[in-house]
Amino acid sequence: MAPIPPGVRLLVSFNRDQWYRALTFILTFLLYTSFHLSRKPISIVKSELHKNCSSVSELATIASSSSSSSDSQQPSLPSLHTDMDCSWKPFDKNNYKQLLGAMDYSFLCAYAVGMYLSGIIGERLPIRLYLTVGMLTSGLFTCLFGLGYVYNIHSLGFYIFVQVANGLVQTTGWPSVVTCIGNWFGKGRRGLIMGLWNSHTSVGNILGSLIAGYWVSSNWGLSFIVPGLIIAAMGVVCFLFLIEHPNDLKSMESLSSLCVCCLPNWLLYLLCLYITKAAHLDAKKAGDLSTLFDVGGIVGGILAGVISDKLGKRATTCAVMLLLAAPTLYGFSMISEFGQGPTI
Numbered sequence: 000m001a002p003i004p005p006g007v008r009l010l011v012s013f014n015r016d017q018w019y020r021a022l023t024f025i026l027t028f029l030l031y032t033s034f035h036l037s038r039k040p041i042s043i044v045k046s047e048l049h050k051n052c053s054s055v056s057e058l059a060t061i062a063s064s065s066s067s068s069s070d071s072q073q074p075s076l077p078s079l080h081t082d083m084d085c086s087w088k089p090f091d092k093n094n095y096k097q098l099l100g101a102m103d104y105s106f107l108c109a110y111a112v113g114m115y116l117s118g119i120i121g122e123r124l125p126i127r128l129y130l131t132v133g134m135l136t137s138g139l140f141t142c143l144f145g146l147g148y149v150y151n152i153h154s155l156g157f158y159i160f161v162q163v164a165n166g167l168v169q170t171t172g173w174p175s176v177v178t179c180i181g182n183w184f185g186k187g188r189r190g191l192i193m194g195l196w197n198s199h200t201s202v203g204n205i206l207g208s209l210i211a212g213y214w215v216s217s218n219w220g221l222s223f224i225v226p227g228l229i230i231a232a233m234g235v236v237c238f239l240f241l242i243e244h245p246n247d248l249k250s251m252e253s254l255s256s257l258c259v260c261c262l263p264n265w266l267l268y269l270l271c272l273y274i275t276k277a278a279h280l281d282a283k284k285a286g287d288l289s290t291l292f293d294v295g296g297i298v299g300g301i302l303a304g305v306i307s308d309k310l311g312k313r314a315t316t317c318a319v320m321l322l323l324a325a326p327t328l329y330g331f332s333m334i335s336e337f338g339q340g341p342t343i
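In case it helps, numbering that gives the first Met the number 0 puts the sequence shown at residues 0 to 343.
Below, the structure written as structure tokens:
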């Protein structure tokens, strides 16, 4: 008789509770990854809503001088309106920074208010259903932003409304997944577990940047529609598979045989636009470069979890890392002036 493959022996060595813990860990990780994946496109698309029109200005100057020096019988070249032709209304004016900031402000204010309400409402509803509805509506409003490109919508009020609505429904994510992960895992080695699990934020930002960057220059509407469809699909997965608490398994025994914010948010919304303007890169390259911040976030989160487990001082570990973040951010602004290499 052939020996049992080592992979199979490894799988059968885990008991039922360990399998359910692993399922909860992976599922909640993917669920909140999709939340951040759907938030990231706005930071990538900003540089497309208001482009750096210097190259268009140079083309307009060349066209104008060529037209003036040519023969009078030669047809004149079409004029280029650099304040309008290379950006998306209403973000094509000189006050584009205020308009883009208004979209961020509307989302974050709605998110702050919604986070307070979400905790109250979430305690009174089944987490699985509450999270499912939140993810489906988040997908809806994320897609609506992208449909603004498809249907040529240039109303600032439309985009503000979508941002406010999306900010409210996005608050269903964090309280729900934290409650689930807390129900399934005890206090032992909590730092390492949370350090690994919290990397969902960075993974979501990386995937969101790459997905949005793929379409940003050709059809920025898809930069929102695709992430919106992904988070909606994950909402269906949540409805089908999420188990809120180990005690819920007692009613499933007959089926057993079948079976956190100010600095990260600032960088989330403004880092890509800052790189675009400071380094004069296109939207896709700036989005790809901004993912390096999240790569560091994954490593740093895991490292902080291990250190806090070893020292047993979680608050001290957090305080030290926050103190180091301020001079690091200042150093980044200084180094970024020396080009792409030092910035990386």
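C-beta atoms are modelled at their ideal positions from N, C-alpha and C, and glycine is treated no differently.
Practice task
Have a look at the DSSP bridge pairing and note the partners of His49.
Solution key: Ser86
Handout entry: Buried or exposed (CB count within 10 angstroms, at least 16 for buried), His153
Key = exposed
Problem - Beta-carbon contacts of Pro125 that lie in its chain and below 8 Å, excluding the five residues immediately before and after - result: Glu243
Exercise for the section: For the region 98-106 and the region 154-166, state whether three or more C-beta atom pairs, one from each stretch, are separated by less than 8 Å. Expected result: yes
Handout entry: Expected contact under 8 Å - CB spacing of Val319 and Gly220 to nearest Å
Key = The Cβ separation is near 43 Å, so there is no contact.
Handout entry: Under 8 Å between C-beta atoms of Phe144 and Phe223
Key = yes
Problem - Reference His49, options Gly227, Thr131, Ser216, closest by Cα - result: Ser216
Practice task
Can you check the region 177-234 for any alpha helix (DSSP H) of at least 4 residues that lies completely inside it and give the ranges in chain order?
Solution key: 189-196, 199-214
Exercise for the section: Tell whether a beta-carbon distance below 8 Å holds between Ser33 and Ile229. Expected result: yes
Practice task
Identify, in the order they occur along the chain, each residue of the same chain with its Cβ nearer than 7 Å to the Cβ of Leu167, setting aside the five sequence neighbours on each side.
Solution key: Ala109, Gly113
Problem - Sequence-distant residues of its chain with Cβ nearer than 7 Å to Arg127 (five each side left out) - result: Cys237, Phe238, Leu241, Glu243
Problem - 7 Å Cβ shell around Leu155 - same chain, five flanking residues per side excluded - result: Pro89, Leu98
Handout entry: Cβ distance (whole Å) where Ile43 is taken to contact Gly212 below 8 Å
Key = 6 Å
Practice task
State buried or exposed for Trp18, treating a residue as buried only when at least 16 other CB atoms are found within 10 Å of its CB.
Solution key: exposed
Exercise for the section: Please classify Ser256: is it buried, with 16 or more other beta-carbons within 10 angstroms of its beta-carbon, or exposed? Expected result: Its pLDDT being 36, under 50, Ser256 is placed unreliably by the model, and the measurement read from it follows with that caveat. Per the 10 Å Cβ criterion, exposed.
Handout entry: Closest by C-alpha distance to Asn182, when choosing among Asn93, Pro245, Gly121
Key = Pro245
Problem - Entirely enclosed beta strand (DSSP E) segments - the region 84-119, minimum 3 residues - result: none
Exercise for the section: Assess, as a yes-or-no matter, whether the region 192-212 is touched by the region 126-141 under the definition of 3 or more beta carbon pairs within less than 8 Å. Expected result: no
Practice task
Please name the residue, chosen from Gly118, Leu302, Ile180, Leu209, that lies closest to Ser37 on a Cα-to-Cα basis.
Solution key: Leu209
Handout entry: For Pro5, three-class secondary structure by DSSP
Key = helix
Exercise for the section: Taking only the alpha-carbon atoms, compute the straight-line gap between Glu122 and Val176 and give it to the nearest angstrom. Expected result: 13 Å
Handout entry: Asn246 - DSSP class collapsed to helix/strand/coil
Key = helix
Exercise for the section: Starting from the C-beta of Val305, find all residues in its chain whose C-beta is less than 6 Å away, skip the five residues before and the five after it, and write them out in chain order. Expected result: Leu191
Exercise for the section: In the DSSP assignment, find the alpha helix (DSSP H) that holds Ser37 and state where it starts and stops. Expected result: 15-38
Exercise for the section: Return the CA-CA distance between Thr200 and His35, expressed in angstroms with no decimal places. Expected result: 6 Å
Practice task
With a threshold of 16 other CB atoms inside 10 Å of the CB of Ser71, please say whether the residue is buried or exposed.
Solution key: Low local confidence applies: a pLDDT of 47 at Ser71 is under 50, so the model's placement there is unreliable, with the coordinate-based value given in what follows. The residue in question, Ser71, is exposed, as its Cβ has fewer than 16 Cβ neighbours within 10 Å.
Exercise for the section: Could you have a look at Asn151 and say whether DSSP puts it in helix, strand or coil? Expected result: coil
Exercise for the section: Assign Thr136 to one of three DSSP states: helix, strand, or coil. Expected result: helix
Practice task
Tell me whether Cys317 is buried or exposed, calling it buried when 16 or more other Cβ atoms sit within 10 Å of its Cβ.
Solution key: exposed
Problem - Close Cβ partners of Phe28 (< 7 Å) along its chain, the five nearest in sequence each way excluded - result: Trp196, His199
Practice task
Enumerate in chain order the residues of its own chain whose CB-to-CB distance from Ala378 is below 7 Å, with the five nearest sequence positions on each side excluded.
Solution key: Residue 378 lies beyond the stretch modelled for the chain, which goes from 0 to 343, so this question has no answer here.
Exercise for the section: Use the C-beta contact count for Asn165: other C-beta atoms within 10 angstroms, 16 or more gives buried, fewer gives exposed. Expected result: buried
Handout entry: C-alpha distance - Phe106 paired with Pro5, whole-angstrom precision
Key = 50 Å
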